[in-house]
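Notes for the one structure printed next.
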Amino acid sequence: MAQIIQTEMTELVTPDLANFSGKMHGGELLKLLDKVAYTCAMRYAGHYAVTLSVDNVFFKEPIYIGELVTCLATINYTGRTSMEIGIKVISENIQEKTVRHTHTCYFTMVAMGENNRPTPVPQLELTDEVQQRRWNKALKRRQARFKLQEMMKQIEQEDSDEDLQDLPAIACP
-9 MAQIIQTEMT ELVTPDLANF SGKMHGGELL KLLDKVAYTC AMRYAGHYAV
41 TLSVDNVFFK EPIYIGELVT CLATINYTGR TSMEIGIKVI SENIQEKTVR
91 HTHTCYFTMV AMGENNRPTP VPQLELTDEV QQRRWNKALK RRQARFKLQE
141 MMKQIEQEDS DEDLQDLPAI ACP
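All residue numbers for the sequence shown refer to our numbering, where the first residue is -9 and numbers rise by one.
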């Protein structure tokens, strides 16, 4: 049986998804991205999946009310229980007949089995050069994430409670 490695979702950007400047709210876009990453991971793994990390979400291109936003997701890499999902976001203005690539990001999803514990996922079968290239780049991103985690851990160890002294007190009832 062929592996299902791609998912596509399209949504109309309506006023309830917009911020005060008439563009799609970043939080709404993140919600949509998480939904498509979850769907792609679940279809591939055959299990419920949770988001472990989100990489490279930069809000450089706005998406406007009335546009169609399409998320194209693909499995780039599989570990033992995790998967990297690459997502390309396309915005389409039907009236102006324009299509823009607005965002690209990467989600790491973990398949969950019984007792909400991570469960193994099928090994990704690399069938062409594009999949091999995506796999290789995903490995590099994975290594970069681990290096960044170590750097952040060192910074956090340098922090102390004294760093929090200047924060204002919050009155709780």
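Every residue gets a Cβ at the ideal spot worked out from N, C-alpha and C, and that includes glycine.
Fair warning: this is a prediction, and the values are worked out from it, not measured in the lab.
Pairwise C-beta distances place the stretch 47 to 62 out of contact with the stretch 119 to 128, as fewer than three of them are shorter than 8 Å.
Assigned with DSSP and collapsed to three states, T29 falls in helix.
Per DSSP, the unbroken alpha helix (DSSP H) holding I145 starts and ends at 119 to 148. Three or more beta-carbon pairs separated by less than 8 Å are not found between the stretch -1 to 6 and the stretch 38 to 49, which leaves the two stretches without contact. Restricted to the stretch 5 to 57, the alpha helix (DSSP H) segments that are unbroken, complete and at least 4 residues in length are 16 to 35, listed in chain order. Here S72 is near T98, since their CB atoms are less than 8 Å apart. DSSP places E82 within a strand segment (E or B) once states are collapsed to three. A residue is called buried once 16 or more other Cβ atoms fall within 10 Å of its Cβ, and L19 is buried on that count. Pairing A101 with A31 gives a Cβ-Cβ distance under 8 Å.
Residue burial annotation: E57 is buried, with at least 16 other C-beta atoms found within 10 angstroms of its C-beta. In the DSSP assignment, E(-2) falls within the beta strand (DSSP E) that extends over -4 to 2. Inclusion of T41 and I(-5) in the CB contact set at 8 Å is not warranted, their separation being larger than that value. Between the C-alpha atoms of M142 and E148 there is a straight-line separation of about 10 Å.
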